[in-house]
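Accompanying notes for the structure given below.
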Amino acid sequence: MGLLLKFSGIIDAINRRVGTWFALLVLVAVLVSSGNAIVRKIFDLSSNAWLELQWVLFSAVFLLCAPWTLLSNEHVRIDIVNGMLPGRARNAIDLIGHVFFLLPLTIIMIVTSIPFFLRSIRLNEQSFSSGGLPQWPAKSLIVIGFTLLAAQCISEIVKRIAVMRGVIPDPYMERRSALEAEVAQVVEAVEKR
Amino acid sequence: MEAFLIHNMAPIMFAVLVVVLLLGYPAAFSLAATGLIFALISIDLGLFRPDFLQALPERVYGVMGNDTLLAIPFFTFMGLILERSGMAEDLLDTIGQLFGTVRGGLAYAVIFVGALLAATTGVVAASVISMGLISLPIMLRYGYDRRVASGVIAASGTLAQIIPPSLVLIVMADQLGRSVGDMYEGAFVPGVALAALYAIYVFVVTRLYPRAAPGLPAEALVHREADGKRGVISLAIVAMVAVICAYLFMRTTNVKAGADFVILTMALTSAIAFMVALLSKLLRLGLLSKLAEQVIFVMVPPLALIFLVLGTIFIGVATPTEGGAMGAAGALALALFKRRLTWDLTRQAVESTAKLSAFVVFILIGARVFSLTFYGVDGHKWVEELLVNLPGGQIGFLVFVNAFVFVLAFFLDFFEIAFIVIPLLALPAQRLGIDLIWFGVMLGVNMQTSFLHPPFGFALFYLRSVAPTEPYVDRVSGKRMEPVTTGQIYWGAVPFVLIQCIMVGLVIAFPAMVMHYKSSASEVDPTKIQIEIDLPPPLEFK
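Protein chains in written order, with my numbering: chain A, 1 to 193; chain B, 1001 to 1542.
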């Protein structure tokens, strides 16, 4: 178990790092997109490469930050029944979900997206719009994103088992819920004025 | 057994999804996994071709290239930056001063500021929390009824859901296959009308129970002139002059009367008022009262942002995605100007934006994977048959669907409703000849109740977390104050839930509130902004 937990710790560290870094692309996307809008209006110019860059950046954000979102337990759940269940049942639901839902899903996505990506690279597939970007970098994001997500899923499985066996405290409990954290941030900002 | 399964695949699939979602596993993965499991079963039964799964990466790629969704991170980021820029606080302080002495004045101020914040930050949490921290203590101090005070604050915060640029409307437009710009134009009038209904409610309360929402005493006002007057007249004069100048100027241009004319006139009016206030302040001319100056200065940033974002979308010079990007850049500039922009704040905002985008887009991917299978087993036809044959035709359908969504809103939040339920309703609605923008706006007003339904409504939760839970001593009056109970917060929300229902009824009764979007066709040249996306090859089901 100790070794597995160490492995899970490494995955967590990688995905947290990837998530926090790639989140910054939001800022880049804002600058690129507002720049595009201004240039289009004022100089009546528009470049398909720059327009396509917007959504490639955004795709990188959501695909590469999804594992980190899973790590921080921020994927939306319907907790009306879940919230009433005892902790053991909730752990079991998460474990079953990770093993039978998420893991197969990510594996199927990886298996089908690799040929999808390789075909694109082999054909050196270009954008349909003139002057657009080549397609394979965007397609590679699907492979990378789901691989990281699969890794995070394995890490979550390890941690859930460890929690159920009482080896580690529940990481979901330690962390304040996302809602409370959000409230605390805004309260702090208002009171600082 | 096999025959039964084949014939009832769609209902079984839907039932399984409901069970899985209710267990509380993340919705995005539940949707996708249910879709996949049933795809495998269908392949096994010979309903689908074995290479069915090859379509999955194309589906994800289709979501990635969807230009509309880009507006989600932009508007989220804009809201997160604005909520820390101090705009809400400035507005609440100043507008509270302006309306304060009127009976129910603080409540009107909360509704007005709630609507302004809705059109700029668009974050329910931030609006409710700021108003709960700033306006609630003042309302309590001067003896507001606790239910009225908390109801007004929670409801005004949820205006962000229906007044553009709301995220729900973007998701809804995407799910219904309509343009976000049209959805925004369609939602604008009902959104403003809703704020007006809130104000009418407050007015009725102050007439029936004057003590429930008293006006502030004169000593509670900060901005006073040397002669003791409040300076409202000065504000009125400036506003009148600015409107007249703007109108006269606009008459000389060749902009036709209509929405564009109104938007440009309003923008010009605020610009003129701002210039006057700025000149008066810089040159110490003393043209304006302190109150007038203050009001103009706090109103300019939100109005400028509204024009930058919504104005440009409505006039048709920008797409919603461009509007979102401009708004985000504008919010950064405003925060920088007010010296509120720190690296920490930016970092927090990008991280929250990234996580929100990740879970929203993953629910969408999950929903697409689910629908790929669901449509494959003719699920859409099953739902259509169920709904199209309801008694009462269009109206029967609308009443049923709205009642259904209203009940769902007790348990689900708007993202889940928008992604799971709305796409199932779109086809039957269209077959009954219902305009999908009208339909979307109506459901948007309805889904706002998911924030207000006790006991799970988020707006109530946010208010609960900042309203006093224990007796405290008021800072100004020195009096001992009772806490606000959870029951008071819940009961305060009930009248507003009813108002939402009335508004849904009004939208159904007066479609023109929404349908005016058709008259102003977008002037954006689609050939210049359209990105070509390779569509997934047509799916073949056996």
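Just so you know, even glycine gets a beta-carbon here, dropped at the ideal spot from N, CA and C. Keep in mind the model is a prediction, meaning the values are calculated, not measured.
Within chain B, the residues Leu-1022, Leu-1023, Gly-1024 and Tyr-1025 have their CB atoms less than 9 Å from the CB of Asn-82 of chain A, given in chain order.
Annotation: the continuous alpha helix (DSSP H) that includes Val-1124 of chain B extends over 1124-1141. Among the residues of the stretch 38-54 of chain A, those with a Cβ less than 9 Å away from any Cβ of chain B are Ile-38, Arg-40, Lys-41, Asp-44, Ser-46, Asn-48, Leu-51, Glu-52 and Gln-54, in the order of the chain. Scanning B:Val-1019, B:Ile-1006, B:Phe-1451 and B:Arg-1146 for the CA closest to the CA of Gly-1492 of chain B turns up B:Arg-1146. Chain A has no Cβ within less than 8 Å of the Cβ of Met-1172 of chain B.
Tyr-1375 of chain B carries a helical assignment under DSSP once its states are collapsed to helix, strand and coil. Closer than 8 Å to the CB of Ser-1156 of chain B there is not a single CB belonging to chain A.
Check the Cα spacing between Ser-1270 of chain B and each of B:Gly-1330, B:Ile-1306, B:Glu-1351 and B:Lys-1256: the tightest is with B:Ile-1306.
Residue environment for Trp-1343 of chain B: exposed (fewer than 16 other C-beta atoms within 10 angstroms of its C-beta). Ile-1363 of chain B has its alpha-carbon roughly 9 Å from the corresponding atom of Ile-1420 of chain B. With a threshold of 16 other beta carbon atoms within 10 Å, Met-1183 of chain B meets it and is buried. About 22 Å separates the beta carbon of Ile-1162 of chain B from that of Gln-1430 of chain B, a gap too long to meet the 8 Å contact definition. In the DSSP secondary-structure assignment, Met-1481 of chain B is bridged to B:Tyr-1472. Below the 7 Å Cβ cutoff, chain A contributes no neighbours of Gln-1294 of chain B, its closest Cβ being approximately 15 Å away. Shown in chain order are the members of the stretch 1127-1152 of chain B whose Cβ falls below 8 Å from a Cβ of chain A: Ile-1129, Ser-1130, Leu-1133 and Ile-1134. Taking C-beta separations shorter than 7 Å and ignoring five residues to either side along the sequence, the partners of Leu-1408 of chain B in its chain run Ile-1417 and Val-1421, following chain order. When DSSP states are grouped into helix, strand and coil, Pro-1495 of chain B belongs to the helix group.
Of all residues in the stretch 1083-1099 of chain B, the ones placed with a Cβ closer than 7 Å to any Cβ belonging to chain A are Glu-1083, Arg-1084, Gly-1086 and Glu-1089, in chain order. Nearest in C-alpha terms to Leu-1345 of chain B, of all of B:Gly-1105, B:Gly-1086 and B:Phe-1359, is B:Gly-1086. Look at the stretch 1092-1120 of chain B and you find these whole runs of alpha helix (DSSP H), each 4 residues long or longer: 1105-1120.
For the stretch 1059-1071 of chain B, the beta-carbon criterion of a distance under 8 Å to any beta-carbon of chain A is satisfied by Val-1060, Tyr-1061, Met-1064, Gly-1065, Asn-1066, Asp-1067, Leu-1069 and Leu-1070. Here the alpha carbons of Phe-1458 of chain B and Ala-1125 of chain B stand approximately 8 Å from one another. The alpha-carbon separation between Ile-1037 of chain B and Ser-1030 of chain B amounts to approximately 10 Å.
Sequence-distant partners of Phe-1203 of chain B (beyond 5 residues in either direction) whose C-beta falls short of 7 Å from its own C-beta, in its chain, are Gly-1104. Taken through DSSP and simplified to helix, strand or coil, Gln-126 of chain A comes out as strand. Contact of Phe-7 of chain A with chain B by beta-carbon distance below 9 Å is absent, the smallest such distance being about 22 Å.
Taking the beta carbon of Gln-1054 of chain B as reference, the chain A residues within 9 Å of it are Thr-112, Pro-115 and Phe-116, listed in sequence order.
At a cut-off of 8 Å, the C-beta of Arg-88 of chain A has no neighbouring C-beta in chain B. Taking Val-99 of chain A as the centre and dropping the five residues before and after it, the same chain places the C-beta of Ile-157 closer than 7 Å to its C-beta, in chain order. Three or more pairs of CB atoms, one per stretch, sit closer than 8 Å, so the stretch 104-112 of chain A contacts the stretch 139-157 of chain A.
Counting only runs of at least 4 residues, the stretch 1426-1464 of chain B fully encloses the following alpha helix (DSSP H) elements, listed from N- to C-terminal order: 1436-1447. Look at Pro-1073 of chain B: its C-beta is under 8 Å from a C-beta on chain A. The Cβ neighbour count for Leu-1159 of chain B, taken over all protein chains shown within 10 Å, is at least 16; the residue is labelled buried. Nearest CB-CB separation between Lys-139 of chain A and chain B: below the 8 Å threshold.
Separation of Lys-1338 of chain B and Gly-1100 of chain B (C-alpha to C-alpha, rounded to the nearest whole angstrom) is 26 Å. Proximity of chain B to Pro-134 of chain A at the Cβ level (cut-off 8 Å) is not reached, the minimal Cβ distance being about 13 Å.
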